[in-house]
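Heads up: the sequence shown is residues 21 to 579, going by this note's numbering. Structure record follows, encoded as structure tokens.
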Amino acid sequence: MGKKLYSMITDKFFACKGLPARLGVFSALLIALAVLACGCGDTYVMDDESLEKPVELDRTIGSLANIYQSGAVRVRGFGIVAGLAGSGSSECPPALRSELVKFFKQQTGIVSTEEANAFIDSNDTAVVVVYGVIPPLAMSEDHFDIKVEALPNTQTASLAGGRLYTTDLKEMRRVQSIGQYAKTIAVGEGPIFQNTLSDDIEERTGYVLGGGTVKRPVQLSIGLIEPNYFTASAVRNQLNNRFGPNTANAKSPAEIQFKFPNEYLDQRAKFIEMVKQSFLVSTPELEKRRIERLVNQLATEDNKAATAVAIETIGAMAINRLAPLMGSDDESVRFFAASTVLAIGDDRGYPVLNDIAANPNSDYRIAAIRSIGQNAKVRQIKEALRPILADPSLDVRMAAYDQLLDVGDVSINRKAVGADFFLDTVISGGPDAVYVDRSELPRIVLFGSPVECSKQIFVKTLDDSVIINSDMDSDRISVMRKHPKRARLVGPVYSNYTLRELVRTLGESPVTKEGSLTMPGLGVQYDTIMFLLNELVETDAVDAGFTASPVPSINFSWQ
């Protein structure tokens with residue numbers, strides 16, 4: 021064991037110096053000491069005691085180290101919302117105006133300071149503060165919700181209908197005053213969303229759903245509580261052996277950097293837990309004892325989720341001992357055993373999870389649907405989840421829809437409407453349903469085959485800016501919109517009686533590219549379409565359920 025351990029630890033130094041990896045223990049130690057004396061890139065010099073200190077092998081990485089990861093980060097920036105049709109204002113603090121003019125010229129290509137100032141001074145624009153929270157474990161190009169507020173003590177009346185220009189977002193604790201240097205870690209842009217389903221709309225605020233984009237690379241590292249070359253190398257080797265080459269890289273006796281394997285990009289928190297649960301060194305005898313202990317815990321103790329992750333971390337060696345638990349009379353044991361078996365890569369877990377997913381009385385139904393979607397073969401996912409799209413429970417239908425969407429199932433048709441939101445039509449049995457997202461991803465999901473409108477419709481917005489109308493003798497629906505800058509109505513534009521086509525007609529851009537097969541629409545914003553869909557359901561013009569997700573929770577003040 022001593023020779024093997026020395027060989028493991030000195031791999032880093034051999035690779036750094038281009039030396040052969042297989043040398044005797046004594047020679048290896050001499051070379052490692054020589055490397056320390058002359059220096060080697062990103063390694064740190066440690067004293068002799070740290071080199072010779074024995075390592076207890078039967079311990080988890082989590083017990084030996086701290087995991088450093090990206091936590092939630094509050095960000096803030098200042099920007100401009102345009103397209104406000106007279107509800108904006110020209111007020112802007114001088115210091116902020118200087119920064120915005122400079123940034124606006126960079127973004128738009130306008131070289132004239134006078135033109136930039138004229139843009140800011142227009143009542144069709146408003147200077148705003150933008151803020152949000154980058155979620156934990158966010159990676160570069162991940163999206164998050166942002167909140168937009170008109171500056172206090174300005175005459176801006178409403179941000180409705182506006183669009184946020186690209187805005188730099190910086191960590192709040194590093195931004196003390198306007199114009200102070202701080203590194204941009206995210207940007208924000210997109211159409212303003214207001215909660216039109218509320219009886220009390222905050223006109224001077226709004227959200228951009230999924231409008232924040234992370235621009236910093238994710239930083240993941242393991243910091244050893246007691247720095248030690250042997251331990252650092254053992255951690256690196258264990259993670260690379262379990263999760264694939266180049267997962268981890270020992271940067272020093274105190275730090276091991278690691279990254280998310282591709283198969284865990286959508287299960288990042290789980291992967292972090294698996295890193296913590298990984299043991300420093302594995303041998304067949306050690307693994308056998310660990311498996312026996314963990315399987316017994318899964319069968320008898322309460323904290324089954326953490327135990328299942330620990331078993332999955334061990335991998336394929338655990339399957340034969342774990343598999344009998346899939347026949348347990350305890351559904352919780354049955355679920356966690358089957359989910360873990362399938363996650364490790366053994367199809368024997370699939371039939372058990374399929375039974376749980378199909379059982380309307382199961383407490384683990386949605387968890388089973390997600391486990392199938394994350395771990396089963398594409399054929400199995402479609403086979404198990406398509407029937408669930410007809411379930412009476414919208415939560416269950418949405419869980420199945422999310423997994424089927426990820427594998428491109430033909431039962432789901434996705435279309436981007438006006439480049440501002442997605443329209444997903446789900447061909448399914450069961451009750452017709454309309455689902456609208458108010459956080460992260462602007463999308464409208466229609467469950468049905470297809471969802472139809474009635475023959476007699478009269479629905480309009482509160483300000484009469486959009487009117488939907490049809491009568492019993494008409495073979496199509498008429499849609500008109502008041503021009504935001506003029507008194508006259510635009511339209512009518514016509515739709516057939518499917519709700520999908522009506523939504524497309526409302527939201528599609530009035531101007532389409534030459535040669536495009538997409539029919540033009542009225543360019544109605546997403547939040548207004550959401551209001552109209554609710555009105556159509558409330559007035560029985562559409563016989564379907566209507567559900568909207570919660571609005572973003574961004575509650576801290578911008579000051």
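Using N, Cα and C, we set each Cβ at its ideal position, and we do this for glycine too.
Annotation: the continuous beta strand (DSSP E) that includes Lys-502 extends over 497-502. Relative to the Cα of Tyr-514, the nearest Cα in the group Val-456, Met-539, Lys-502 and Glu-307 belongs to Met-539. Restricting attention to beta strand (DSSP E) runs no shorter than 3 residues, the region 532-576 encloses them at 565-568, ordered along the chain.
Judged by their CB atoms, Gly-468 and Gln-423 are not nearer to each other than the 8 Å cut-off. In terms of Cα proximity to Tyr-151, the closest of Met-418, Ser-178 and Thr-225 is Thr-225. Ala-436 and Pro-570 have their C-alpha atoms spaced approximately 22 Å apart. Beta-bridge analysis with DSSP links Asp-188 to Val-207.
For secondary structure counted as the beta strand (DSSP E) over 3 or more consecutive residues, the region 269-295 holds these complete runs in sequence order: 275-278.
Per DSSP, the continuous alpha helix (DSSP H) segment holding Gly-527 begins and ends at 519-527. Cβ-Cβ distances below 6 Å link Asp-440 to Pro-211 and Tyr-546 in the same chain, with the five nearest sequence neighbours on each side left out; the list follows chain order. In the assembly as shown, Asp-349 is an exposed residue. Its beta-carbon has fewer than 16 other beta-carbons within 10 Å. At the C-beta level, Ser-90 and Asp-141 stay beyond 8 Å of one another. Note on the region 305-371: whole alpha helix (DSSP H) runs with a minimum of 4 residues are 324-334, 339-342 and 351-364, in chain order. Distance between Gln-277 and Pro-156, taken at the CA atoms: about 17 Å.
A distance below 8 Å separates the beta carbons of Val-207 and Leu-189. In this structure, DSSP gives Lys-402 a helical state, which the three-state scheme calls helix. In the three-state scheme derived from DSSP, where H, G and I count as helix and E and B as strand, Tyr-88 is classed as strand. The C-alpha of Glu-472 lies about 16 Å from the C-alpha of Val-499. Annotated as proximal: Val-315 and Arg-341, with beta-carbon spacing under 8 Å.
Fewer than three beta-carbon pairs drawn from the region 299-318 and the region 274-290 are found closer than 8 Å, and the two stretches are therefore not classed as touching. When rounded, the separation of the alpha-carbon atoms in Arg-508 and Arg-524 is 22 Å.
Here Leu-179 is near Ala-146, since their CB atoms are less than 8 Å apart.
Thr-233 and Leu-466 have their alpha carbons spaced roughly 28 Å apart. Within its own chain, the residues whose Cβ lies closer than 8 Å to the Cβ of Thr-216, once the five positions on either side in sequence are excluded, are Asp-547, Thr-548, Met-550 and Phe-551, listed in chain order. Going by C-alpha positions, Gln-317 is about 17 Å away from Thr-80. In terms of Cβ geometry, Val-479 and Ala-561 form a close pair [threshold 8 Å].
Residue environment analysis places Gly-99 among the buried positions, since at least 16 neighbouring C-beta atoms fall within 10 angstroms of its C-beta. For Asp-444, the uninterrupted beta strand (DSSP E) run begins and ends at 441-447, by DSSP. Each of Leu-542, Ser-459, Ile-477 and Pro-530 was checked against the Cα of Ser-485, and the nearest Cα belongs to Leu-542. Of Tyr-421, Gln-476 and Gly-428, the smallest CA-CA separation from Tyr-455 is found for Tyr-421. Looking from the CA of Asp-322, the closest CA among Lys-296, Ser-107, Glu-351 and Pro-304 belongs to Glu-351. Closest option to Ser-298, judged by alpha-carbon separation, among Tyr-284, Glu-275 and Asn-261: Asn-261. The residues Ile-376, in chain order, have a CB closer than 6 Å to that of Ser-382 in the same chain once the five nearest residues on each side in sequence are set aside. DSSP places Val-234 within a strand segment (E or B) once states are collapsed to three. Counted as a single uninterrupted DSSP element, the alpha helix (DSSP H) harbouring Leu-259 occupies residues 249-263. Counting other Cβ atoms within 10 Å of its Cβ, Tyr-517 reaches 16 or more and is therefore classed as buried.
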